[in-house]
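Heads up: the structure comes next, in structure tokens.
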Amino acid sequence: MPSRRAQSFSVSRMYQAAACVIIFFFSPTIPLYIYTFGLPILAVCSTIVFFKVVNSTNKMERKMTTETWLEQERNSSEREIKEKC
137 MPSRRAQSFS VSRMYQAAAC VIIFFFSPTI PLYIYTFGLP ILAVCSTIVF
187 FKVVNSTNKM ERKMTTETWL EQERNSSERE IKEKC
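Adding 136 to a residue's 1-based position in the sequence shown gives its number in the numbering used here.
Next comes the structure, spelled out in structure tokens:
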């Protein structure tokens, strides 16, 4: 995630802003205690989803790194075989 930290932060902020807009839009009709509990619940849900995305991104990057490493190993071994011939 280090190379994509800004993108993941931007996406999470976009969802947070969209949820806040919805809550603020309905705030005149929602009682204060529901509004007060809605934002912390939203924050907890956002955090859970964020960590799930981070976990899946890490798995994807590990898979890509492993595939790249295997390709490099294969290419270097092919080069060695060609050089010997």
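C-beta: ideal position from N, C-alpha, C; glycine also.
Cα-Cα separation, residue i to residue j
i	j	result
serine 146	alanine 154	12 Å
serine 212	asparagine 194	27 Å
tryptophan 205	proline 164	57 Å
Cutoff 7 Å; reference residue i; Cβ partners in own chain excluding five residues on either side
i	result
serine 182	Ser148, Tyr151, Gln152
phenylalanine 160	none
Best match in the options for proximity to residue i [C-alpha to C-alpha]
i	options	result
isoleucine 158	Gln143, Arg198, Gly174	Gly174
serine 144	Ile170, Val190, Thr201	Val190
Beta-carbon contacts of residue i that lie in its chain and below 8 Å, excluding the five residues immediately before and after
i	result
phenylalanine 186	Ser144, Ser148
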